[in-house]
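Chemist: Handing you a structure now.
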């Protein structure tokens, strides 16, 4: 664990170096959050009551929590490993006396640590100032949400890691990263709740790990009917996590076997 | 100049096509991104009949104009996004030392392969939607061409102004300001009439995405056609001149590598 925290701290320091950029990076996604509120506020204002199965209060809470989960990692911090694979500097990771997976997870944890704190403050401010328009979750729901969200973050980190490893087999990373981002944004419920999808599209989403990264944790918090108990949900998240760790091992093993760097 | 510009783009596409897998992945991811972003109003409209009187196909038409403008910027003016990195690592010195306009050089750099997909999806959906809305004619095609040119100039100007802010602060090679502007612009995927007055003002005159995609559809709907078209032209020219001014002022502020 010592090396994990050391690498996390190094990652955090490197992100804090350019302060103006760092602050802008932290706050800029709030602009998107405002846009979502204005859009859904207008839709509910026009439609009144509920849209689909969600009331306005549920939707307003959903938007805030989904935003804070989605915004934990930005484009540049998500693509550090992919870029290193592309330019060859990944060799440094391969020779460090810390497992490759631990390095990737600790680095991304460092990248999201400060953002998580800011997001928490944004959520807190949202609840304090606009709590009257939101569904305030029960203590039991929060207790279920905490382990669910930890596994959701780990799932996302692993998903990014696995997609990044694919760059060992391609000659670029942008295409892979854009594909991952597009699939994640839509099927995780970051753009629109999966619960509102038409049945066939919802069924497609449920066969992927993406809803377990945003939609499911927020549903747990809101106490929505997810057709699964909290234990089953945590179990499903662990299953997806195991699948991704397995994929990581397979891909990394395969890449390591065929890796040639600087003629070595 | 245009020949050199197109030659540069041709070389970029040849370079990218050398990496076949990545080239196709970029195109596929571009299509996927646009199609999935169109799926959002598709889901919304499965619950509500219209948004402030706008039908689903009209919203898709708004998105088509936005995709085309963004696609054009990505294909033809991708170099704008390299400005912060050029300033950070000193490459901008080389730009200034060449006997060609720095703005021309910056615009001619690079090519966003995703832009090709954006352009493709936008163009196909534009024609399909004009037909579905029963307004497809030579006149509307010519009008759409005018909207696309104005929209591309506006989009390029917003990106240029946003990226030029890196001349004034230590960005570490990447500034989020243009991304924020582009994010605000995404509000204009829906009719601006649904937003509060201040946001409508921002979308019309500060980050004028409304003129890239919403106003064209309003014109096609027959709303204040001449007035809106004249305003579009005026705003496009004004923003282009403003962007050029900001770029030139930024160059004066540039202090070479390590600023």
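Chains as they are written, first to last, in this note's numbering: chain A, 181 to 444; chain B, 15 to 273. Beta carbons are placed, not taken as given, at the ideal position from N, Cα and C, and that holds for glycine.
(1) On the DSSP bridge list, what partners appear for residue 231 of chain A?
(2) Give the DSSP bridge partners of residue 68 of chain B, in chain order.
(3) What residue range is occupied by the uninterrupted alpha helix (DSSP H) comprising residue 103 of chain B?
(4) For residue 198 of chain B, tell me which candidate among B/220, B/177, B/182 has the shortest Cα-Cα distance.
(5) So, under 8 Å CB-CB, residue 431 of chain A and residue 354 of chain A are touching, yes? Tell me the CB distance rounded to an integer number of Å.
(6) By alpha-carbon positions, which one of B/129, B/146, B/152, B/60 ends up nearest to residue 380 of chain A?
(7) Considering only their Cβ atoms, is the gap separating residue 339 of chain A from residue 414 of chain A smaller than 8 Å?
(8) Shortest alpha-carbon distance to residue 367 of chain A belongs to which of A/341, A/350, A/336?
(9) Using a Cβ-Cβ cutoff of 8 Å, what residues of the segment 332–343 of chain A are near chain B? List them in chain order.
(10) For chain A, is any of its Cβ atoms less than 8 Å away from the one on residue 125 of chain B?
(11) I'd like to know whether the C-beta atoms of residue 377 of chain A and residue 357 of chain A end up nearer to each other than 8 Å.
(12) Using beta carbons (cut-off 8 Å, strictly below), is residue 352 of chain A in contact with chain B?
(13) Distance check for residue 210 of chain A and residue 245 of chain B, CA to CA, integer angstroms please.
(14) I think residue 208 of chain A touches residue 183 of chain B, with their Cβ atoms under 8 Å apart; what is that distance to the nearest whole Å?
(15) State buried or exposed for residue 261 of chain A, treating a residue as buried only when at least 16 other CB atoms are found within 10 Å of its CB.
(16) Comparing alpha-carbon positions, which option in A/333, A/284, A/404, A/278 lies nearest residue 265 of chain A?
(17) If you draw a straight line from the C-alpha of residue 289 of chain A to the C-alpha of residue 183 of chain A, how long is it?
(18) Does residue 110 of chain B come within less than 8 Å of chain A when only Cβ atoms are used?
(19) Could you tell me the distance, in whole angstroms, from the CA atom of residue 252 of chain B to the CA atom of residue 237 of chain A?
(20) Using DSSP with H/G/I as helix, E/B as strand and the rest coil, what is residue 267 of chain B?
(21) Given a threshold of 16 other Cβ atoms within 10 Å of its Cβ, counted over all protein chains shown, does residue 360 of chain A qualify as buried or as exposed?
(22) Determine the DSSP secondary structure at residue 140 of chain B, reduced to helix, strand or coil.
(23) Rounded to whole angstroms, what is the Cα-Cα separation between residue 279 of chain A and residue 364 of chain A?
(24) What are the start and end residues of the alpha helix (DSSP H) that includes residue 438 of chain A?
(25) Can you have a look at residue 92 of chain B and say buried or exposed, based on whether 16 or more other CB atoms are within 10 angstroms of its CB?
(26) Where does residue 124 of chain B sit, in a helix, a strand or coil, going by DSSP?
(27) Does the structure place the segment 77–86 of chain B close enough to the segment 383–397 of chain A that three or more beta carbon pairs sit under 8 Å?
(28) Just to confirm my understanding: we take residue 299 of chain A, look at its own chain, exclude 5 residues before and 5 after, and list those with CB closer than 7 Å. What are they?
(29) Would residue 118 of chain B count as contacting chain A if we go by Cβ distances under 8 Å?
(30) Taking 8 Å as the CB-CB limit, is residue 39 of chain B close to chain A?
(31) Could you check if residue 108 of chain B is buried or exposed, using at least 16 other CB atoms within 10 Å of its CB as the buried criterion?
(32) Just the C-alpha distance for residue 250 of chain B and residue 164 of chain B, rounded to the nearest angstrom, thanks.
(33) Just to confirm before moving on: does the CB-CB distance between residue 401 of chain A and residue 310 of chain A stay below 8 Å?
(34) So if I threshold CB-CB distances at 8 Å, which residues from the segment 211–238 of chain A count as touching chain B?
(35) Which residues, in chain order, does the segment 373–402 of chain A contribute to contact with chain B at a C-beta distance below 7 Å?
(36) So within the segment 357–381 of chain A, which uninterrupted alpha helix (DSSP H) runs reach at least 4 residues, ignoring any that extend past its ends?
Modeler: Well, looking at it:
(1) Translated into the one-based positions of the first chain, residue 231 of chain A becomes position 51. Bridge partners of residue 231 of chain A: A/234.
(2) As a working note, residue 68 of chain B is residue 54 in the second chain. DSSP output for residue 68 of chain B lists B/65 as bridge partner(s).
(3) Position 89 of the second chain, counted from the first residue, corresponds to residue 103 of chain B. Taken as a continuous stretch (DSSP letters only), the alpha helix (DSSP H) holding residue 103 of chain B covers 97–103.
(4) Position 184 of the second chain, counted from the start, is the residue given in the question as residue 198 of chain B. It is B/220 whose Cα lies nearest to the Cα of residue 198 of chain B.
(5) Indexing the first chain from 1 puts residue 431 of chain A at position 251. Indexing the first chain from 1 puts residue 354 of chain A at position 174. With 8 Å as the limit, residue 431 of chain A and residue 354 of chain A do not qualify as a contact, their Cβ atoms being about 19 Å apart.
(6) Residue mapping note: residue 380 of chain A aligns to position 200 of the first chain, counting from 1. With distances taken between Cα atoms, residue 380 of chain A lies closest to B/60.
(7) Position 234 of the first chain holds residue 414 of chain A. Position 159 of the first chain holds residue 339 of chain A. No, Cβ-Cβ distance for residue 414 of chain A and residue 339 of chain A is not below 8 Å.
(8) As a position in the first chain, residue 367 of chain A is number 187, starting the count at 1. It is A/336 whose Cα lies nearest to the Cα of residue 367 of chain A.
(9) none
(10) As a working mapping, residue 125 of chain B is identified with position 111 in the second chain. Taking Cβ atoms only, chain A never reaches closer than 8 Å to residue 125 of chain B, which makes this a no.
(11) Mapped onto the first chain, residue 377 of chain A falls at position 197. Mapped onto the first chain, residue 357 of chain A falls at position 177. No, the pair does not count as a contact, with Cβ atoms beyond the cut-off.
(12) Looking up residue 352 of chain A in the first chain gives position 172. For residue 352 of chain A, the answer is yes, since a Cβ of chain B falls inside 8 Å of its Cβ.
(13) Numbered from 1 along the second chain, position 231 holds the residue referred to as residue 245 of chain B. Numbered from 1 along the first chain, position 30 holds the residue referred to as residue 210 of chain A. Roughly 30 Å between the two C-alpha positions.
(14) Translated into the one-based positions of the first chain, residue 208 of chain A becomes position 28. Translated into the one-based positions of the second chain, residue 183 of chain B becomes position 169. In fact, because the Cβ distance is near 14 Å, the residues do not count as touching under 8 Å.
(15) To locate residue 261 of chain A, count along the first chain from 1; it is residue 81. So residue 261 of chain A counts as buried.
(16) By 1-based counting over the first chain, the position of residue 265 of chain A is 85. Comparing Cα positions, the closest option is A/284.
(17) Counting from one through the first chain, the residue named residue 289 of chain A turns up at place 109. Counting from one through the first chain, the residue named residue 183 of chain A turns up at place 3. Approximately 13 Å, taken between the alpha carbons.
(18) Counting from one through the second chain, the residue named residue 110 of chain B turns up at place 96. No, residue 110 of chain B does not count as interfacial toward chain A.
(19) Taking the second chain and counting its residues from 1, one reaches residue 252 of chain B at position 238. Taking the first chain and counting its residues from 1, one reaches residue 237 of chain A at position 57. So the two alpha carbons sit approximately 42 Å from each other.
(20) Within the second chain, the letter at position 253 stands for residue 267 of chain B. Three-state result, residue 267 of chain B: helix.
(21) Counted from its first residue, the first chain places residue 360 of chain A at position 180. That one is buried.
(22) Counting from 1 along the second chain, the entry for residue 140 of chain B is found at position 126. Helix.
(23) Residue mapping note: residue 279 of chain A aligns to position 99 of the first chain, counting from 1. Residue mapping note: residue 364 of chain A aligns to position 184 of the first chain, counting from 1. Using only the alpha carbons, I get a separation of about 26 Å.
(24) Locating residue 438 of chain A in the first chain gives position 258, where the first residue counts as 1. Taken as a continuous stretch (DSSP letters only), the alpha helix (DSSP H) holding residue 438 of chain A covers 410–438.
(25) Counting from one through the second chain, the residue named residue 92 of chain B turns up at place 78. Flag for residue 92 of chain B reads buried.
(26) The residue labelled residue 124 of chain B in the question sits at position 110 within the second chain. Coil.
(27) no
(28) The count along the first chain starts at 1 and reaches residue 299 of chain A at position 119. If we look at residue 299 of chain A and ignore the five residues flanking it on each side, its Cβ neighbours are 248, 251, 252.
(29) Taking the second chain and counting its residues from 1, one reaches residue 118 of chain B at position 104. So no, residue 118 of chain B is outside the interface.
(30) To locate residue 39 of chain B, count along the second chain from 1; it is residue 25. Judged by the 8 Å Cβ criterion, residue 39 of chain B is in contact with chain A.
(31) Along the second chain, one-based indexing puts residue 108 of chain B at 94. Result: exposed.
(32) Start at 1 with the first residue of the second chain, and residue 250 of chain B comes out as number 236. Start at 1 with the first residue of the second chain, and residue 164 of chain B comes out as number 150. Going by the C-alpha atoms only, they are around 6 Å apart.
(33) Position 221 of the first chain, counted from the first residue, corresponds to residue 401 of chain A. Position 130 of the first chain, counted from the first residue, corresponds to residue 310 of chain A. No. Outside cutoff.
(34) 211, 212, 215, 218, 219, 222, 223, 226, 227, 231, 232
(35) 376, 377, 378
(36) none
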